[in-house]
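Notes follow the structure.
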Amino acid sequence: MTTVTQQLDIAKIRRDFPILNETINGKPLVYLDNAATTQKPRQVLDALTGYYEHYNANIHRGIHHLAEKATSAFEASRRRIQAFLNARLSEEIIFTYGSTDGINLVAQAYGRAFLKAGDEIIISTMEHHSNIVPWQMLCEEKGCILKVIPISEEGELRMEEYEKLLSERTKFVSVVHVSNALGTINPVAQIVEKAHAVGAKVLLDGAQASSHLSIDVQALDCDFYVFSLHKLYGPTGMGVLYGKKELLDAMPPYRGGGEMIKEVTFEKTTYNELPYKFEAGTPNIADVVAARTALDYVDELGKEAIAEHEHQLLRYATDALEAIEGLRIIGRAKEKIGVLSFVMEGIHHQDIGVLLDQQGIAIRTGHHCTQPMMQRFGIPGTSRASFSVYNTMEEVDSLVRGLHKVKKMLG
Ligand SMILES: *Cc1c(COP(=O)(O)O)cnc(C)c1O
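Remember, the numbering used here sits 4 above the position in the sequence shown when you count from 1.
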């Protein structure tokens, strides 16, 4: 079946993003660091200031007008995110500070209650540090064993090796849906199915996937899913943990404090029900409210149309960069999002980043919080251009011109 995706009006979309008018070193900003964080449209900025200007109040316990309005907007966001992920129930949506926070919550709360010495946890070589370190901390605490799925030279998970790692000792699998350093889209439904076949639970790190792919947690059948709004045109400091209700119910709380309790006495405290059990303290109310606007923005443009535009940019950029002598692309998976990591012979990635910045071009250089994967490729880091809905072919041309300049100066 072929689906006709609507052609996006990129010039119009760009007008939604005030920051794109900035000049850097006298040059128009070319922002190609979207895998680190995306820029925010006017609509999201208005939602943030609108909240503070018109109905700022603490939520849930207030009975005055503003508190009710804030609570209602806050909970409307939860239902919006439930729909965005196609979760079965709204109480399966827990607000966090981001993907990192969500993974720590699961590692600590699920890990403490259900994992014991000798249990095996599987991650992969392409994980972000935030999906490595929380598990290492847990392993140290509990005596669990961390196993790592290797990746191919192209930057794809070696699924046959994954199957060999799975056994009745495997209790948890935590892998990235889409790699931030390579752009690889992993076969997560298959990963979940194979883990479930040995009785293991699965967390998917959707920090990159959520802005490029449609996510259906029921179809994926994953047990937990995390993402961050700031990589999805939304505010920083706000993220989502999805978890299956029966697992979240069985897990102990992660942080203690206000909101997460039912009743507190010095003898014994009883905990609140889902989702509040995991939301101690005053949350980022404004950011949660604005998250809904960010998701509306994405869905109005259409994820398919966004993905198609980003793919065009990726194809165009891949061809153009490959034509540069001495440049090597790291991450050549068949299924990729608009992330382009590369190294240039004899030129340090940091110098590339600095010289491009002088031309107003923002890319990311370094290990991209994936040091073990850089070790796998035998490199200290890469330069990474990552695309978003507001990027243009002309900006890719600027990048290519910039890299030729870098080569002339340093190559
Ligand atoms: C950005 C990122 C994270 C961490 O997200 P935070 O918002 O910094 O918590 C985790 N995993 C991947 C793949 C990422 O790209």
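Beta carbons: idealized from backbone N, C-alpha and C, even for Gly.
Please read all numbers here as calculations on a predicted model, not as lab measurements.
- Task: Starting from the C-beta of I125, find all residues in its chain whose C-beta is less than 6 Å away, skip the five residues before and the five after it, and write them out in chain order.
- Result: Here the set comprises W139, C148, L150 and F176.
- Query: Do L317 and M397 have their C-beta atoms within less than 8 Å of each other?
  - Reply: Judged by their CB atoms, L317 and M397 are nearer to each other than the 8 Å cut-off.
- Take E304 as the anchor and find which of R83, V393 and I153 has the nearest alpha-carbon. Nearest of R83, V393 and I153 to E304, Cα basis: V393.
- Query: Would a C-beta distance cut-off of 8 Å place H133 and V180 closer than the cut-off?
  - Reply: No, the pair does not count as a contact, with Cβ atoms beyond the cut-off.
- Task: On the DSSP bridge assignment, give the partners of V179 in chain order.
- Result: Bridge partners of V179 according to DSSP: L208.
- If A39 and N184 are in contact, beta carbons under 8 Å, what's the gap, nearest whole angstrom? Rounded, the Cβ-Cβ distance is 5 Å, consistent with contact.
- Query: Do you know whose CA, among E157, G262 and F99, lies nearest G382's CA?
  - Reply: Of the candidates E157, G262 and F99, the one whose C-alpha sits nearest the C-alpha of G382 is E157.
- Query: By DSSP, does M377 sit in helix, in strand, or in coil?
  - Reply: Three-state DSSP puts M377 in a helix.
- Test item: CB-CB of Y301 and P45 under 8 Å: Taking 8 Å as the Cβ cut-off, Y301 and P45 qualify as a contacting pair.
- Cβ neighbours of A193 in the same chain (closer than 6 Å, five flanking residues each side left out): When the five nearest sequence neighbours on each side are left out, the beta carbons in the same chain lying within less than 6 Å of the beta carbon of A193 are those of L224, in order along the chain.
- Compute the minimum distance between the beta carbon of H200 and the heavy atoms of ligand 1, and state whether it is under 7 Å. Remark: the shortest separation between the CB of H200 and any heavy atom of ligand 1 does not fall under 7 Å.
- Query: What is the C-beta distance between I341 and Q222, in whole angstroms, given that I count them as a contact (C-beta under 8 Å)?
  - Reply: Contact doesn't hold; Cβ gap of about 22 Å is too wide.
- Assigned exposure category for T6 - 16 Cβ within 10 Å defines buried: Bear in mind that a pLDDT of 45 at T6, under 50, signals an unreliable position, so the number given afterwards is only what the model happens to contain. Around the beta carbon of T6, fewer than 16 other beta carbons sit within 10 angstroms, so the residue counts as exposed.
- Message: Are the CB atoms of I107 and I97 within a distance shorter than 8 Å?
- Response: The Cβ atoms of I97 and I107 lie no closer than 8 Å to each other.
- Report yes or no: do the stretch 203-220 and the stretch 229-239 share at least 3 C-beta pairs separated by less than 8 Å? Touching, yes.
- Query: Is V179 near ligand 1, in the sense that its beta carbon is under 7 Å from a heavy atom of that ligand?
  - Reply: Distance from the C-beta of V179 to the nearest heavy atom of ligand 1 is not below 7 Å.
- Query: Can you list, in chain order, the residues of its chain whose CB lies under 7 Å from that of V292, leaving out five sequence neighbours each side?
  - Reply: So the qualifying residues of the chain are F78, S81, F99 and M242.
- Coil, strand or helix - D303 by DSSP: Here D303 sits in helix by DSSP.
- Message: Which complete beta strand (DSSP E) runs does the stretch 327-399 hold, if anything under 3 residues is left out?
- Response: Taking only runs of at least 3 residues, the beta strand (DSSP E) segments lying wholly in the stretch 327-399 are 331-334, 343-348, 368-370 and 386-390.
- Give the secondary structure of T6 by DSSP, where H, G and I count as helix, E and B as strand, and everything else as coil. With a pLDDT of 45 at T6, under the threshold of 50, the modelled position of that residue is not reliable, and the figure given next carries that caveat. In this structure, T6 counts as coil in the three-state DSSP scheme.
- Query: Which residues does DSSP pair with L217 in a beta bridge?
  - Reply: Under DSSP, no beta-bridge partner is assigned to L217.
- Neighbour-count burial assignment, I23, 16 or more Cβ in a 10 Å radius: Classified as exposed, I23 has fewer than 16 neighbouring CB atoms from the shown chains inside 10 Å of its CB.
- Message: DSSP three-state label for V110, please.
- Response: If DSSP states are grouped into helix, strand and coil, V110 belongs with the helices.
- Message: Which same chain residues end up closer than 7 Å to M378 when comparing Cβ atoms and leaving out the 5 residues on each side of it in sequence?
- Response: Only H371, P384 and G385 meet the Cβ criterion.
- Query: With DSSP run on the structure shown, which of helix, strand or coil describes Q246?
  - Reply: Correcting the residue identity first, residue 246 is Tyr in this sequence and not Gln. Here DSSP, grouped into helix, strand and coil, assigns Y246 to strand.
- Kindly indicate which residue of Y320, V404 and H216 has the alpha-carbon position closest to the one of E308. The candidate whose alpha carbon is nearest that of E308 is H216.
- Item | Selected residue, minimal CA-CA separation from V34, among L360, S387 and C373 | Nearest of L360, S387 and C373 to V34, Cα basis: L360.
- Query: Should G243 be counted as a contact of ligand 1 given a C-beta to heavy atom distance under 7 Å?
  - Reply: Under cutoff, so the answer is yes.
- According to DSSP, what are the bridge partners of E26? DSSP output for E26 lists no bridge partner at all.
- Item | Residue of E172, A337 and L331 minimising C-alpha distance to V347 | Distances from the CA of V347 to each of E172, A337 and L331 were compared; the closest alpha carbon is that of L331.
- Query: Is G102 near ligand 1, judged by its Cβ being under 7 Å from some heavy atom?
  - Reply: Flag set: Cβ of G102 near ligand 1.
- Compute every distance between the C-beta of D209 and the non-hydrogen atoms of ligand 1, then say whether any falls below 7 Å. Correct: D209 has its Cβ closer than 7 Å to ligand 1.
- Could you have a look at K272 and say whether DSSP puts it in helix, strand or coil? DSSP, read as helix, strand or coil, puts K272 in coil.
- Message: If I measure Cβ to Cβ from A121 and keep anything under 8 Å in the same chain, skipping five residues before and after, which residues do I get?
- Response: Contacts found: K146, G147 and C148.
- Message: Taking the alpha carbon of R116 as the reference point, which residue from R259, T53 and I365 has its own alpha carbon closest?
- Response: Nearest C-alpha to R116: R259.
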